[in-house]
Amino acid sequence: MSTTSNSATPAQFVSRPRDTDRKTRIHLGMFDRLKFLIAFTITFFVLVWSDMAGNPLLGFNDALIERTRSTWWIFVLAAIEIIRQIHFLISEYASPYHGFWQKYFAFVDKTLHRISDWNRFRLSRAIKWLLFIALLAVILGAIYDEAPVRALFLAPAALFAALPFIAQLMFAVVFILIQFVALFWFLSRGGIDTYFPDDIRTRFTDVWGQDHVLARIRENLMFLERPEEIEKFGGYVPGGILLWGPPGTGKTLMAEAMAGETGKPFVFVDPGAFNNMFFGIGILKVKSLFRKLRKLALRYGGVVAFFDEADALGNRGLAPAGGIGRYSENECHGGNYLSPVSANLVFREKFMMGGAAGGGGGMGTLQALLTELSGLKKPRGFLNRVVRRTLGMRPKTPPKYRILIVMATNLPEALDEALLRPGRIDRMYRVGYPSKAGRIRTYEGYLAKVSHSLSPEEIDKLATITPYATGARIKDTINEALIYAIRSGRTTITWPDVIKAKQLKELGPPEDVEYIERERHAVAIHEACHGVMAHVVRRHMMIDLATIEKGSDYLGMVASIPPDDQFTRWKSEYEADILVSLASLAGERMFFGGDNSSGVSGDLESATTIASFMEGHWGMGSTVSSHASNKRFEVGAPGGGGKEKRGDAAKEMRRSLADRIESNLATLLNKAEKLLKENRNQVLSLAHALEVHKTLSGEDVAAVIDGVAGPIVDGRPYTKAKNIKILEAYHEAAVRAHRDHNSPSILLPELQ
Amino acid sequence: MFKSRINHSLLLSILTVALTVSLSGCGAPSKIYAKNGQLGVFFTVPSGWYKISAEDIRTYELEGADAAAKTKADLVLWQEAFSESRKTSAKNLLQLEAPLALTAFARVRALTLSESDAMSYNGLRNLILPVTDLISGESTIVDDFQLLDEQEIITDTAQGLRTVYSFSPKGGEDETVDQTALLSNDRRSIYFFLVRCTTECFTESESAVDEIVQSFTVKGRK
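Sequence order for the protein chains is A and B. Sequential numbering from 282 applies to the first sequence in this note's numbering. Sequential numbering from 486 applies to the second sequence in this note's numbering.
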């Protein structure tokens, strides 16, 4: 029946009427109807049971009767409850009855609602508790055979009497638990060292070449020591610093200096501190660390916590944010002027291509750290939160914990995005390669510790020819120079010691390989072409050294260094770079009658790479669009098609990227050939000097090319025409030997 | 009209239970239960018996008594007496002449150290009358003394004797006494229960007497 009627009129959703629209009372649930009666019944039967338990002679019937007589009031209450429920029941079904009550007894509700909601809730809660306690008292009274109220006071005594038993049980529980608790406790120790002022002797004056960062750190420490300086104006003490930059640039040293300088305790957190074997150890460690930090902060008015190699904390696989190009080197990236949405788009795309995630302590450790870092303002403590609340008091506002978090990393990309937000890490400082001034200061610092004979000019030059030297590198170079000096039976470092040490550090030890003569000459010509070309066209770099001594991964090389700290690069400079690279190919072909060796492969690779970047990325070619984003969106490079007839410029643009790169390189190769023809004598001269001395410093290279006296090599003989003839003859012999695969008929000539 | 039948049938059944319980309160209990939970003594007498208050008993006992008697009376820990007749008073309970209606009397009394040392089955038997001497004829404080029955009672917490005897007090009606006297195992207190009447009434209600004496239960101190 019901199914047919259902199919005829499908069940409809009926919306609940508002209270004011109701004609009858809301239906009570079964439990709500019966709960008091059930409570009364249970109470009554508990009392009966207690009677029977207390008297072995008493039967159930008599117990029932006796109890009914003694606790008649429970029936009065039950009767009242039944009447109330009957009243509700009628109200639920009979609307006139309900209406009558609503109308004439509304004043009760109104009176009640005059009390505030909160007070009404408290009142009802108090009444409920009183009722519960009263029932409990009655039951306990029956059990102890005492007056109910007295029995209520006997109950704690009974509990006290049972304490030994409870303690026994607790001991068993504790015995089982203690094994885990102790295990976890021991595992959650370690990795955190606290230093107090004067424990560490490093000072800011020991950190060289990073003055701009130090100035900022000093500021942070100043605020930590005198927080009122900023707090009285409504600010707050910056809570976090991130030091990031290449390895060896002095981040940890800076932290040590902070520890030495500050008058506050310094907590050093090991990178591995949060690696854990069991789930939760890391979290426990973070929590105990911050408990310690808060304690120290309160006791000493502030504390510095240093997380070395913060990348060990890992990330949750999200992109680090906070501005694009933050970690890119020397480019003017769009991130700084684009709208945030566009910037984000550019950035996310880039990130997805790279993809990097995970690592670190894992298993909630990072999250715990994040919570602790931003959760310093919550009320804490059992007494504060639970006891005070129980007594109806509000928890005390937490004191100001002045904790300065310092993190150091050389992989800032590996840090979690959320870790770097202001409030957690307020300030981010790049501890980059030291500037030239910084390098000079660092050299001076380390040289001051040893005996040396270097003049200020030499130190200046040393700083110039070691452009990316970090503090650690400089320290190492000086030490290596000292070793050279000691091996030569001296205690004082001289200029050649330093240069040798530098070459050893940069190039590795030379392999003691003797070239056969025709190959030595070929390598010398190859390097001489590079050297002459670099000397002629390249103004933004200076030659550091030229060598034909075979190293671990090269036959010879011309190394250049930038004479100044320069942060932008120009088209003309890149063209010069390509010319220097292509000089080897052009030179070999020119000097060896069109032949060339495979030794040019590296040169061609770098030339092609630079040419590709120029054409595709840096806007130094004939098109505008960036190949980086073309590749990302898979739209292809401009060109390749273009069947329609257009002007020459358009035709040029429509050529494929590779064609354009090749064409640019071919043009530059021609130019290199032309320049080498013009400087043929210089090439032969430099090749000869290289063959004689194996390795030349930049100044000697310049002296040979310019025909003047250098520090070691005298270039003046190379200006003489007869000497050039000798060199040409030697070259001819070498080329012949090269062709016939035998020894040259003329030995390496000595020039007057 | 009713939304759910089950709801209301349940409600109805609850009402019925409540009503039954409250109506059962109108009926009278079948017995009077006398007890002292602390000392662990229980007994019942038929309902309709009358209580003789403990205070009355003590007052009567101490009337004109000397200090030594008063000290002895203070050793009483608990006592309760019931009689079939309303007329039975504390005096009837304690004097040698038999009460006219069946009367039950329970008393728990602490023992002094010397009493405890001296207490024996004889001592228990001789609590009211020197029964031992009367049996042997050494004492003649009452006439026609007859030992009707005697048996040993051993419970978990106490042991002693149930002694039934009859006698005629000098110038009084024949009387029968069912006396139970137990010494607690720790020898600190004695539990004493007495049911007595004239021999005539005692014989008439022998089964009732037995039921009352049987109900006397000693569980011992908590």
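Every residue, glycine too, gets a C-beta built ideally from N, C-alpha and C.
Contact with chain B by residue i, beta-carbon distance below 8 Å
i                      : result
residue 600 of chain A : Note on residue 600 of chain A: pLDDT 46, under 50, position unreliable in the model; no value is reported.
residue 380 of chain A : no
residue 293 of chain A : no
residue 338 of chain A : yes
residue 261 of chain A : Outside the modelled stretch of chain A, which goes from 282 to 1033, sits residue 261 of chain A, for which no answer is possible.
residue 629 of chain A : Annotation note: pLDDT 49 at residue 629 of chain A (below 50); position unreliable, no value reported.
residue 390 of chain A : no
residue 361 of chain A : no
residue 426 of chain A : yes
Residue i burial status per 10 Å Cβ neighbour count (16 or more: buried)
i                      : result
residue 469 of chain A : buried
residue 762 of chain A : buried
residue 638 of chain A : Here the model assigns residue 638 of chain A a pLDDT of 42, short of 50, so the residue's position is not dependable, and the following value carries that caveat. Answer is exposed; the Cβ neighbour count stays below 16.
residue 823 of chain A : buried
residue 641 of chain A : In this prediction, residue 641 of chain A has a pLDDT of 48, which is less than 50 and means its spatial position is unreliable; what the coordinates show is noted afterwards. So residue 641 of chain A counts as buried.
residue 307 of chain A : exposed
residue 548 of chain B : exposed
residue 329 of chain A : buried
residue 793 of chain A : exposed
residue 571 of chain A : buried
Coarse secondary structure for residue i, derived from DSSP in three states
i                       : result
residue 533 of chain B  : coil
residue 669 of chain A  : helix
residue 470 of chain A  : coil
residue 645 of chain B  : strand
residue 521 of chain B  : strand
residue 331 of chain A  : helix
residue 845 of chain A  : coil
residue 1002 of chain A : helix
residue 733 of chain A  : strand
residue 1023 of chain A : coil
Beta-carbon proximity check, residue i vs residue j, cutoff 8 Å
i                      : j                       : result
residue 869 of chain A : residue 806 of chain A  : yes
residue 586 of chain B : residue 686 of chain B  : yes
residue 666 of chain B : residue 705 of chain B  : no
residue 663 of chain B : residue 684 of chain B  : no
residue 809 of chain A : residue 916 of chain A  : no
residue 606 of chain B : residue 562 of chain B  : no
residue 515 of chain A : residue 691 of chain A  : no
residue 517 of chain B : residue 532 of chain B  : yes
residue 615 of chain B : residue 681 of chain B  : no
residue 956 of chain A : residue 814 of chain A  : yes
residue 525 of chain B : residue 707 of chain B  : yes
residue 457 of chain A : residue 586 of chain A  : no
residue 998 of chain A : residue 1032 of chain A : yes
is_contact[residue i, chain A] using C-beta, thresh 8 Å
i                      : result
residue 570 of chain B : no
residue 479 of chain B : Outside the shown range of chain B (486 to 707) lies residue 479 of chain B, about which nothing can therefore be said.
residue 515 of chain B : yes
residue 501 of chain B : no
residue 700 of chain B : yes
residue 677 of chain B : no
residue 529 of chain B : yes
residue 704 of chain B : yes
residue 512 of chain B : yes
Same chain, Cβ closer than 8 Å to residue i, neighbours up to 5 away in sequence not counted
i                      : result
residue 633 of chain B : 649, 650, 651 and 661
residue 878 of chain A : 803, 807 and 869
residue 775 of chain A : 733, 734, 735 and 766
residue 490 of chain A : 531, 715, 716, 718, 719, 720, 722, 723 and 752
Cβ shell of residue i (< 6 Å), same chain only, five flanking positions each side left out
i                      : result
residue 535 of chain A : 488
residue 700 of chain B : 528 and 529
residue 978 of chain A : 826
residue 334 of chain A : none
Contacting residues, own chain, Cβ-Cβ under 7 Å from residue i (five flanking each side not counted)
i                       : result
residue 887 of chain A  : 862
residue 317 of chain A  : 362
residue 592 of chain A  : 690, 692, 695 and 696
residue 1035 of chain A : This structure gives no information on residue 1035 of chain A, because the portion of chain A shown stretches from 282 to 1033.
Per-residue contacts from residue i into chain D (C-beta, under 9 Å)
i                      : result
residue 347 of chain A : No chain D is present in this structure, whose protein chains are A and B.
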